[in-house]
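Under the UniProt record's numbering, the first residue of the sequence shown carries the number 1, and numbering increases by one thereafter.
So the structure is just underneath, and the comments pick up after that.
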Amino acid sequence: MEKLGTQIDEKLKCAVEAGQTPLSEKMMQLLKKIGLDEVGSEMDRALGSVYGAFIGDAAGAYLEFWRGELKQEDVEYAMTMPSGGAFQVGKAQVTDDSEMAMCIVNALYQEDEKIQQKLNLDNLQIQFGNWLRSPPFDIGNTTYTALEVIKPQNIDPLISFRNTKERTKSSLSNGCLMRITPLAVWGYKLNEADLFQAVRLQTAFTHSHPFSHAACYLYCFAIQLLIQGASRKDAFLQTFKEAAERFAGYIDTKSKNPHYYLNLVMKGAIDAYPKVNISIGSLIIAFTWSFHYLYKEEFTYQDALQDILERGGDTDTNAAIMGGLLGAYYGVSKMNEHQLQSVVDFRCSTSEEKKKFNVTHKRPDYLVPGLVLTEKLPSIIKNAPSNLQIVLNGNEKRPEDFNDVLINA
1 MEKLGTQIDE KLKCAVEAGQ TPLSEKMMQL LKKIGLDEVG SEMDRALGSV YGAFIGDAAG
61 AYLEFWRGEL KQEDVEYAMT MPSGGAFQVG KAQVTDDSEM AMCIVNALYQ EDEKIQQKLN
121 LDNLQIQFGN WLRSPPFDIG NTTYTALEVI KPQNIDPLIS FRNTKERTKS SLSNGCLMRI
181 TPLAVWGYKL NEADLFQAVR LQTAFTHSHP FSHAACYLYC FAIQLLIQGA SRKDAFLQTF
241 KEAAERFAGY IDTKSKNPHY YLNLVMKGAI DAYPKVNISI GSLIIAFTWS FHYLYKEEFT
301 YQDALQDILE RGGDTDTNAA IMGGLLGAYY GVSKMNEHQL QSVVDFRCST SEEKKKFNVT
361 HKRPDYLVPG LVLTEKLPSI IKNAPSNLQI VLNGNEKRPE DFNDVLINA
């Protein structure tokens with residue numbers, strides 16, 4: 001811990017000398033708690049992606065399914081992480097977006113850091129099944145349809161892949177994009193082919209539409225670039241190029257591919273963006289708007305959070321997806337101290353904790369950010385693999401073994 005403190009204190013000194021806003025002592029202690037050892041590092045940006053998504057989710061939860069006019073003061077209040085809203089969430093309590101993300105964290109985490117991390121599809125299916133049986137206080141139709149086939153006595157990811165191919169093949173819901181930041185930061189050292197395969201396989205537990213796979217990959221691709229230090233503009237332009245080259249033939253129901261929506265962003269054609277209050281659960285909404293905030297450099301994380309919440313619609317998910325992208329640029333060290341502290345502090349195990357955080361929905365410890373992320377996320381990032389190894393039904397597989405698995409599941 002002394003080493004962590006020394007490194008952060010030195011960075012603080014440099015920030016002061018450079019005329020930047022210094023970190024408070026409380027914030028420095030919080031950053032140490034969540035596993036940050038150097039401000040401005042890849043770890044900082046990777047943690048920022050996941051915590052940025054969780055903060056967006058918790059802030060948007062209060063406004064989800066808002067009735068009546070959504071006023072600026074309502075949004076500003078939501079950004080203080082209160083309890084309440086349609087689902088009567090606790091203070092800074094996250095929703096299904098972040099709970100599914102924690103399923104991915106739990107599935108990817110390996111206690112033995114000497115062993116290369118693998119994409120264990122068996123663990124992913126187990127975690128998603130456990131979450132469904134927890135049970136969640138909110139779940140989308142596509143996600144429920146996809147996960148209801150998971151039986152603890154018969155773990156086989158191919159069952160899930162067959163199910164989604166048959167039953168969710170037309171879905172473009174945002175349930176695949178809202179949970180994916182842990183996979184993005186886990187895979188930030190992978191090459192493009194391996195990253196695409198990892199994203200494709202994880203996404204296929206709930207979504208089989210090619211556009212869903214493409215959007216999730218491009219989102220993770222952009223996060224990868226940002227963690228590695230790319231500027232906002234460069235990350236956007238490289239993602240734009242990747243979309244054009246890799247997914248020219250991928251279409252949605254309107255015969256548009258992901259490149260089309262990124263092109264709208266580049267042209268500033270906001271009027272042509274998908275409307276946030278029409279088909280509010282569409283991943284195309286969150287995909288387009290998150291890249292809008294990335295490309296428009298005048299938006300800070302807080303500016304973007306307020307703006308996307310004020311637009312209404314699926315507030316928690318749109319904010320989470322935006323937060324994952326901008327969080328990867330700014331880093332966790334530049335998150336709002338109160339918002340970050342609130343998400344990390346939330347607990348709901350004891351009667352005292354439930355009273356303190358005004359909890360209606362008690363959740364198991366493996367779905368509490370302050371317990372899961374602080375323990376497991378830094379290790380996942382620190383030991384991120386540089387090549388993809390996959391586990392299916394207890395057997396190690398190569399990425400090329402899966403080239404046709406989703407087609408022939």
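By construction, the Cβ of each residue, glycine as well, lies at the ideal position given by its N, Cα and C atoms.
Note that the structure is predicted; figures quoted are calculated from it, not measured.
Beta-ladder partner(s) of residue i, from DSSP
| i | result |
| --- | --- |
| V391 | N120 and E396 |
| G84 | V89 |
| K165 | DSSP, once it has assigned bridges, lists no residue as partnering K165. |
| N358 | For N358, which the question treats as bridged, DSSP gives no partner whatsoever. |
| N154 | K151 |
CB of residue i within 7 Å of CB of residue j, strictly
| i | j | result |
| --- | --- | --- |
| V391 | K189 | no |
| G323 | A53 | yes |
| P258 | L218 | yes |
| N336 | S83 | no |
| residue 429 | P369 | Any property of residue 429 remains undetermined from this structure, which presents the chain solely from 1 to 409. |
| L264 | A272 | yes |
| residue 410 | S290 | With the chain represented from 1 up to 409, any question about residue 410 goes unanswered, as that position is not in the structure. |
Residue i Cβ short of 6 Å to the ligand NAP heavy atom set
| i | result |
| --- | --- |
| K355 | Among the components modelled here there is no ligand, and therefore nothing to report on the ligand NAP. |
Separation of residue j from residue i, as counted between CA atoms
| i | j | result |
| --- | --- | --- |
| Q228 | E42 | 6 Å |
| E25 | N123 | 38 Å |
| V344 | L388 | 31 Å |
| M178 | P22 | 32 Å |
| A304 | A243 | 24 Å |
| L4 | I34 | With a pLDDT of 49 at L4, under the threshold of 50, the predicted position of this residue should be treated as unreliable, and no value is reported. |
| D44 | L377 | 12 Å |
| S282 | S173 | 5 Å |
| V16 | A184 | Its pLDDT being 45, under 50, V16 is placed unreliably by the model, and the measurement read from it follows with that caveat. Approximately 32 Å, taken between the alpha carbons. |
| T239 | N395 | 33 Å |
| Y144 | F236 | 33 Å |
| D288 | I308 | Sequence check: residue 288 is Thr here, not Asp. About 12 Å. |
| K233 | N154 | 46 Å |
| N393 | K71 | 50 Å |
| D74 | V89 | 16 Å |
| S386 | Q341 | 32 Å |
Inter-residue CB distance, residue i and residue j (contact presumed, cutoff 8 Å)
| i | j | result |
| --- | --- | --- |
| Q339 | I55 | 5 Å |
| P135 | D96 | Contact doesn't hold; Cβ gap of about 11 Å is too wide. |
Test: residue i CB closer than 7 Å to a CB of chain D
| i | result |
| --- | --- |
| R67 | The structure shown contains no chain D, having only a single protein chain. |
### Task
Spell out a yes or no on whether the stretch 24-32 and the stretch 295-308 are touching, meaning 3 or more CB-CB pairs, one atom from each, closer than 8 Å.
no
### Message
Quick test of the definition: if touching needs 3 or more C-beta pairs under 8 Å, does the stretch 307-322 touch the stretch 58-66?
### Response
yes
### Message
Within 8 Å, do at least three Cβ pairs link the stretch 355-371 to the stretch 72-79?
### Response
no
### Query
Would the stretch 155-168 and the stretch 191-208 be scored as touching if the rule is three or more Cβ pairs under 8 Å?
yes
### Message
Measuring CB atoms only, is the stretch 350-359 touching the stretch 113-132, in the sense that at least three cross pairs come out at less than 8 Å?
### Response
no
### Message
Within 8 Å, do at least three Cβ pairs link the stretch 164-173 to the stretch 92-108?
### Response
no
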